[in-house]
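Each remark here refers to the structure printed beneath this line.
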Amino acid sequence: RVMLWTGFFVPSTILVVNRSSGARVTSLRAGDAEGGDAVELDAYRKNRRHVILADSRTGQGVWRFDAGGLLSGEPVLDGDKVYAARLSGQVYQLPATRATPAWTRTIDAGLRGRPSPGRGRVYVGDTDRTLHALDASTGEPLWSYQAAEVEDKAYQFFSGATEVNGRVYVGAASRYVYCLDASTGRL
63 RVMLWTGFFV PSTILVVNRS SGARVTSLRA GDAEGGDAVE LDAYRKNRRH
113 VILADSRTGQ GVWRFDAGGL LSGEPVLDGD KVYAARLSGQ VYQLPATRAT
163 PAWTRTIDAG LRGRPSPGRG RVYVGDTDRT LHALDASTGE PLWSYQAAEV
213 EDKAYQFFSG ATEVNGRVYV GAASRYVYCL DASTGRL
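Residue numbers 63 to 249, in this note's numbering, belong to the letters of the sequence shown in order.
Okay, here's the thing in structure tokens:
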């Protein structure tokens with residue numbers, strides 16, 4: 063099954079479709095119901111400030127977390143953890159079992175985009191063309207890398223980062239793609 067939501071900034075309807083046939087299985091209002099089964103999960107944002115963990119088979123919400131401000135991008139489900147970031151600099155790790163953060167880290171920067179989990183790390187980009195790496199278990203900062211190239215006509219954010227074989231690949235608004243050492247953040 064695949065879970066989709068309609069709407070631009072505010073998801074209004076959750077559609078669950080059969081992955082093979084594309085046929086609609088069910089639909090419901092986004093974030094309305096809680097108490098869904100936690101067997102197959104997906105995470106999304108609602109009203110740009112709520113993280114919803116939902117049963118991807120039915121679309122029914124399992125829990126809702128109010129971030130207290132605007133989220134910088136879509137939350138990301140990684141195994142049994144959900145990562146979310148706020149525009150104002152907070153990064154959250156929420157266990158799939160409850161809507162209470164396991165940790166919260168404040169980065170002194172305006173964040174943009176979605177958090178990107180890696181091997182023991184979570185990456186998030188900011189508006190000053192800096193990629194931050196946090197320890198996935200504790201939220202402790204590990205390193206930051208600021209790109210030298212500047213693009214004045216766009217937000218200075220990075221794309222979602224991808225970690226492969228000890229390297230982190232990430233794109234910037236400057237149209238450059240960077241390859242960084244995942245342990246040190248060195249170019």
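Quick reminder that beta carbons are idealized off the backbone N, C-alpha and C, glycines included.
These figures come from a predicted structure and were not determined experimentally.
Cα-Cα separation between residue i and residue j, rounded to whole angstroms
| i | j | result |
| --- | --- | --- |
| G131 | K108 | 12 angstroms |
| D25 | L242 | Only positions 63 to 249 of the chain appear in this structure, which leaves residue 25 out of reach. |
| G182 | R63 | 28 angstroms |
| L193 | G84 | 37 angstroms |
| L196 | G121 | 31 angstroms |
| A223 | A216 | 18 angstroms |
| R229 | S178 | 13 angstroms |
| S82 | D170 | 45 angstroms |
| T168 | Y240 | 24 angstroms |
| G180 | E202 | 14 angstroms |
| Y231 | E225 | 6 angstroms |
| R176 | S221 | 8 angstroms |
| S250 | D214 | Outside the shown range of the chain, which is 63 to 249, sits residue 250, and nothing can be said about it. |
| K143 | S206 | 23 angstroms |
| N80 | P137 | 23 angstroms |
| M65 | L133 | 20 angstroms |
| V78 | P163 | 27 angstroms |
Nearest-angstrom Cβ-Cβ length linking residue i and residue j, presumed shorter than 8 angstroms
| i | j | result |
| --- | --- | --- |
| F219 | T189 | 6 angstroms |
| R257 | D128 | This structure cannot speak to residue 257, because the chain is shown only from 63 to 249. |
Beta-carbon proximity list for residue i, same chain, < 7 angstroms, skipping 5 on both sides
| i | result |
| --- | --- |
| R248 | L242 |
| L139 | L103, D104 and A105 |
Reference residue i; option with closest CA among the options
| i | options | result |
| --- | --- | --- |
| V153 | W165, W125, A210 and G233 | W165 |
| D117 | G135, V184 and I76 | I76 |
| V184 | R126, A216, Y145 and Q208 | Y145 |
| G135 | G172, G123, E202 and V212 | G172 |
| V212 | G233, L204 and D142 | G233 |
| R174 | A209, P163, R191 and Q155 | R191 |
| G151 | V113, G187, R86 and N80 | G187 |
| V113 | A244, S89 and A158 | A158 |
| L204 | T246, P137 and S89 | T246 |
Closer than 8 angstroms: residue i CB and nearest the ligand ZN heavy atom
| i | result |
| --- | --- |
| R110 | This structure lacks the ligand ZN, and indeed carries no ligand of any kind. |
Residues near residue i by beta carbon distance below 6 angstroms, same chain, minus five either side
| i | result |
| --- | --- |
| A209 | R191 and A234 |
| R119 | R63 and E102 |
| A198 | G182, R183 and V184 |
Cutoff 8 angstroms; reference residue i; Cβ partners in own chain excluding five residues on either side
| i | result |
| --- | --- |
| R160 | W125 |
| A244 | G180, R181, R183, A195, E225, G228, R229 and V230 |
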